[in-house]
Amino acid sequence: MTGMGRGLGHWFTPAAQNFSSDLAFLLGYVAFRGSCQACGDDVLVVSEDVNYETSPDSHQGTLYWSDLQAMFLRHLGEGSLEDTIRQTSLRKRVAGSAGMAALAQDLRAALLRQKLDHVWTDTHYVGLQFPNRAHPNTLHWAGEPGKQLPLEDPDVYCPYSATGNATGELVYAHYGRPEDLQHLRALGVEPTGRLLLVRLGLISFAQKVASAQDFGARGVLIYPDPADFSQDPHKPGLSSHRAVYGHVHLGTGDPYTPGFPSFNQTQFPPVQSSGLPSIPAQPISADIASLLLRKLEGPVTPQEWQGRLSSSPYRLGPGPGLQLGVNNNRVSTPINNIFGCIEGRSEPDHYVVIGAQRDAWGPGTAKSAVGTAILLELVRTFSSMVSNGFRPRRSLLFISWDGGDFGSVGSTEWLEGYLSLLHLKAVVYVSLDNAVLGDDKFHAKTSPLLISLIENILKQVDSPNHSGQTLYEQVAFNNHSWDAEVIQPLPMDSSAYSFTAFAGVPAVEFSFVEQDGQAYPFLHTKEDTYDNLHKMLQGRLPAVAQAVAQLTGQLLIRLSHDHLLPLDFGRYGDVVLRHISSLNEFSGDLKARGLTLQWVYSARGDYIRAAEKLRKEIYSSEESDERLMRMYNVRIMRVEFYFLSQYVSPADSPFRHIFLGRGDHTLGALLDHVRLLRSSGSKALRTASSGVAPVLTFEESHFRRQLALLTWTLQGAANALSGDVWNTDNNF
1 MTGMGRGLGH
11 WFTPAAQNFS
21 SDLAFLLGYV
31 AFRGSCQACG
41 DDVLVVSEDV
51 NYETSPDSHQ
61 GTLYWSDLQA
71 MFLRHLGEGS
81 LEDTIRQTSL
91 RKRVAGSAGM
101 AALAQDLRAA
111 LLRQKLDHVW
121 TDTHYVGLQF
131 PNRAHPNTLH
141 WAGEPGKQLP
151 LEDPDVYCPY
161 SATGNATGEL
171 VYAHYGRPED
181 LQHLRALGVE
191 PTGRLLLVRL
201 GLISFAQKVA
211 SAQDFGARGV
221 LIYPDPADFS
231 QDPHKPGLSS
241 HRAVYGHVHL
251 GTGDPYTPGF
261 PSFNQTQFPP
271 VQSSGLPSIP
281 AQPISADIAS
291 LLLRKLEGPV
301 TPQEWQGRLS
311 SSPYRLGPGP
321 GLQLGVNNNR
331 VSTPINNIFG
341 CIEGRSEPDH
351 YVVIGAQRDA
361 WGPGTAKSAV
371 GTAILLELVR
381 TFSSMVSNGF
391 RPRRSLLFIS
401 WDGGDFGSVG
411 STEWLEGYLS
421 LLHLKAVVYV
431 SLDNAVLGDD
441 KFHAKTSPLL
451 ISLIENILKQ
461 VDSPNHSGQT
471 LYEQVAFNNH
481 SWDAEVIQPL
491 PMDSSAYSFT
501 AFAGVPAVEF
511 SFVEQDGQAY
521 PFLHTKEDTY
531 DNLHKMLQGR
541 LPAVAQAVAQ
551 LTGQLLIRLS
561 HDHLLPLDFG
571 RYGDVVLRHI
581 SSLNEFSGDL
591 KARGLTLQWV
601 YSARGDYIRA
611 AEKLRKEIYS
621 SEESDERLMR
631 MYNVRIMRVE
641 FYFLSQYVSP
651 ADSPFRHIFL
661 GRGDHTLGAL
671 LDHVRLLRSS
681 GSKALRTASS
691 GVAPVLTFEE
701 SHFRRQLALL
711 TWTLQGAANA
721 LSGDVWNTDN
731 NF
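Under the UniProt record's numbering, the letters of the sequence shown match residues 1 to 732, in that order.
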């Protein structure tokens with residue numbers, strides 16, 4: 001396929017395809033390698049640093065990793081990411097809108113023109129919240145309803161906020177984290193019964209509102225402080241009259257059908273997500289926040305709480321009484337996920353899944369246009385490779401998600417609908433959301449299983465802004481521990497989170513960000529335009545997007561085409577060890593009560609032994625034995641699933657992962673409980689990390705139950721990794 005008719009026009013209008021250059025490339029390959037007549041089932045990858053196996057009936061030419069890599073880069077280079085990003089960002093695509101319906105139809109038609117084996121659409125009917133045009137949200141001084149504070153843009157709101165009026169004195173609470181509210185209380189300013197003014201950043205809108213609710217606040221106002229963004233005069237900044245959009249459901253998916261897929265005519269129990277807040281929340285601009293801050297009295301804030309909105313120091317409050325009115329409407333809305341699939345030749349029932357959010361509240365260039373463009377370019381590239389003889393061993397499943405701005409609604413509903421199928425078939429999920437938010441630093445939010453593979457691929461991709469360096473050399477330049485610089489846990493506001501924490505599928509989301517953790521200022525605003533992102537990156541947007549596409553594509557090749565899945569199943573032994581080291585601090589306190597953590601130590605030992613035993617089995621096995629390789633792959637690809645607690649209901653605790661999930665079954669909840677041995681009871685800390693109902697004192701019986709269920713989940717993972725029941729060898 002050539003690069004003719006590039007950009008969104010190339011994708012959304014029929015265009016003749018010219019394969020002459022690809023044919024020349026293939027003929028050159030055949031002349032060099034030999035007998036590849038049609039390739040297809042006999043294409044084999046051989047990597048310089050990973051052993052690949054030849055299938056028993058292979059008698060044709062071998063395609064080496066360097067050849068396949070060159071083929072991928074060649075076809076990727078024929079596209080035009082820049083034009084596709086620009087054109088996508090011009091399309092109005094709020095979930096449920098007519099513009100989104102038109103875009104979905106165009107995108108599906110574009111996939112149908114590619115060399116894909118299957119293209120289909122999955123529709124869900126979900127509850128979304130939108131502003132009430134007849135009765136906009138309001139903010140005014142208490143007792144003075146006629147004296148409203150102007151909310152400049154009635155379109156800016158917090159989906160899933162509680163509706164109604166909230167009145168109270170105003171208090172400044174920094175970022176609204178549990179530790180901020182605890183510190184506020186320690187400074188003599190009580191958040192209970194008041195409205196909180198909090199800054200954008202560090203944690204999600206939903207976490208801010210949940211923390212405020214836990215501390216008894218009546219409502220939350222969220223604003224962008226200039227101190228949290230780059231002060232570089234050469235880069236654009238957010239207008240002071242702009243507020244920032246963000247949903248406040250502490251969870252993912254449709255909160256009105258928790259644990260159940262929102263298919264049409266499905267019967268649901270009359271329940272709502274426990275993550276829906278009971279207090280109202282509203283975004284406000286920096287201009288309105290500045291006016292409110294000037295009205296606050298009380299003590300001056302700690303120095304690290306100061307921002308850049310006022311010439312005088314920020315004060316904690318309280319200030320005058322305010323009344324916040326939120327009148328958002330819940331609307332039953334159809335959303336459409338669009339799928340394209342290239343079937344694998346040897347393991348077609350194992351899927352490598354890659355997805356990108358399609359919807360956007362505003363222009364959404366950084367939020368979803370970049371990811372959508374990269375997804376489309378990868379579809380085009382792999383389709384061209386298939387036309388030239390490439391066929392992956394496992395199926396490649398490309399997905400365009402709807403409803404992402406409301407909390408990964410489209411992806412979560414799909415997972416809920418097909419959970420019993422996907423945990424057996426989905427190998428890995430790769431998210432393209434938030435891929436380009438800067439160009440200075442690179443982050444990979446990922447499952448531990450993918451860390452080693454990511455390290456390998458980073459060494460294959462050139463840095464987009466450090467000439468002559470690979471991405472690995474860039475991130476490791478001043479840091480011997482490259483993973484400390486790059487690797488982060490999956491956040492709940494990523495579509496990748498549900499794949500791992502809910503479905504037990506390892507997942508990753510790549511992001512380029514600004515230096516020193518400065519946030520991209522236009523995300524979730526009407527200023528998230530192509531021009532602003534391009535200026536923010538000082539003209540390097542195409543190069544950075546191309547680097548993400550190269551990194552992702554090569555990762556997909558390895559995951560879909562390696563004979564043995566390149567997932568590092570031994571990594572979780574290190575994860576458990578890190579958590580145990582945190583628990584070790586309290587071993588004396590537990591021993592004084594006749595309690596011990598020995599069960600956890602034993603289960604970790606069994607997991608490490610099972611992982612090492614599997615490594616040795618693989619090393620000594622016949623690499624050409626397809627049946628044996630498939631058996632090993634099945635054990636490897638289900639490791640993440642083994643860490644979903646089998647002792648809690650997915651309907652009650654959807655995020656069952658003991659390391660990444662939320663709830664009383666997690667290792668984080670156990671650690672929070674143990675911390676109560678040394679405190680009078682910190683409601684904030686318990687709520688912060690584990691998302692469970694606050695407990696103020698240590699309860700021995702509850703601790704024993706937590707420890708037993710956690711230990712048996714870990715022990716179950718060790719037993720499952722061992723393989724057949726007669727191969728389990730634990731000393732538990």
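The beta carbon of each residue, even a glycine, is placed where N, CA and C say it ideally should be.
This structure is a prediction, so every number in the text was calculated from the model and none was measured.
When secondary structure is reduced to three states using DSSP, Asp-153 falls in the coil class, being assigned neither helix nor strand. Taking 9 Å as the cut-off, the Cβ atoms of Thr-138 and Gln-148 count as close. Counting other Cβ atoms within 10 Å of its Cβ, Trp-65 reaches 16 or more and is therefore classed as buried. Between the C-alpha atoms of Ala-592 and Leu-677 there is a straight-line separation of about 11 Å. For the options Ser-312, Ala-547 and Leu-533, the alpha carbon positioned closest to that of Leu-378 is the one of Ala-547. Exposed is the label assigned to Asp-531, since fewer than 16 other Cβ atoms lie within 10 Å of its Cβ. If the five residues before and after Tyr-632 are omitted, its C-beta is found closer than 7 Å to the C-beta atoms of Leu-564 and Ile-618, all from its own chain and listed in chain order. In this structure the stretch 564 to 581 does not touch the stretch 408 to 415; the number of beta carbon pairs closer than 8 Å is below three. Cβ-Cβ separation between Thr-529 and Thr-365: approximately 6 Å, consistent with a contact (criterion under 8 Å). In the same chain as Gly-193, and ignoring 5 residues on each side of it, the C-beta atoms closer than 7 Å to its own belong to Gly-168, Gly-216 and Arg-218, in chain order. Beta bridge pairing from DSSP links Ala-444 with Ile-487 and Phe-510. One alpha carbon belongs to Glu-485, the other to Ala-166, and they sit about 43 Å apart. In terms of CA proximity to Gly-96, Asn-336 leads the group Pro-521, Phe-72, Asn-336 and Val-353. If you draw a straight line from the Cα of Tyr-607 to the Cα of Ser-400, it is about 37 Å long.
For Phe-512, the CB contacts under 6 Å within the same chain, skipping 5 residues up- and downstream, are Val-436, Gly-438, Asp-439, Phe-442 and Val-544 in chain order. When secondary structure is reduced to three states using DSSP, Ser-463 falls in the coil class, being assigned neither helix nor strand.
Taking C-alpha positions only, Pro-566 is separated from Gly-716 by approximately 22 Å. Phe-72 and Gln-306 have their alpha carbons spaced roughly 49 Å apart. Taking one beta carbon from each stretch, the stretch 487 to 505 and the stretch 634 to 643 have 3 or more pairs nearer than 8 Å; the two touch. Put simply, the stretch 385 to 403 does not touch the stretch 149 to 157. Fewer than three CB pairs are less than 8 Å apart.
No Cβ-Cβ contact shorter than 9 Å links Met-536 with Pro-224. Taken atom to atom, the span from the alpha-carbon of Ser-587 to that of Arg-675 is near 11 Å. Leaving aside the five residues that flank Cys-158 on each side, the residues in its chain whose CB is nearer than 7 Å to its CB run, in chain order, Phe-205, Gly-246, His-247, Val-248, Ala-281, Gln-282 and Pro-283. Going by DSSP, Gly-588 is part of the alpha helix (DSSP H) stretching over 587 to 592.
DSSP places Tyr-160 in the coil class of the three-state scheme, outside both helix and strand.
Contact check for Val-508 against Ser-431 passes: the beta carbons are separated by less than 9 Å. Burial check for Arg-393: the Cβ neighbour count within 10 Å reaches 16 or more, so the residue is buried. The criterion of a C-beta distance shorter than 9 Å is satisfied by Arg-571 and Pro-448. Just so you know, the alpha carbons of Leu-551 and Glu-144 end up roughly 57 Å apart. Beta-bridge analysis with DSSP links Gly-127 to Ser-332.
Per the DSSP secondary-structure output, Ile-222 pairs in a beta bridge with Val-198 and Pro-283. In the structure shown, Phe-703 adopts helical secondary structure according to DSSP, grouped into three states.
Under the three-state reduction of DSSP, Leu-565 is assigned to coil, being neither helix nor strand. Going by DSSP, Ile-354 is part of the beta strand (DSSP E) stretching over 347 to 357.
Counting only residues of its own chain and dropping the five nearest sequence neighbours on each side, Gly-201 has a CB closer than 7 Å to the CB of Tyr-175, Asp-228 and Ala-519. Taking 3 residues as the shortest admissible run, the stretch 243 to 323 contains the following complete beta strand (DSSP E) segments, listed from N- to C-terminal end: 281 to 283.
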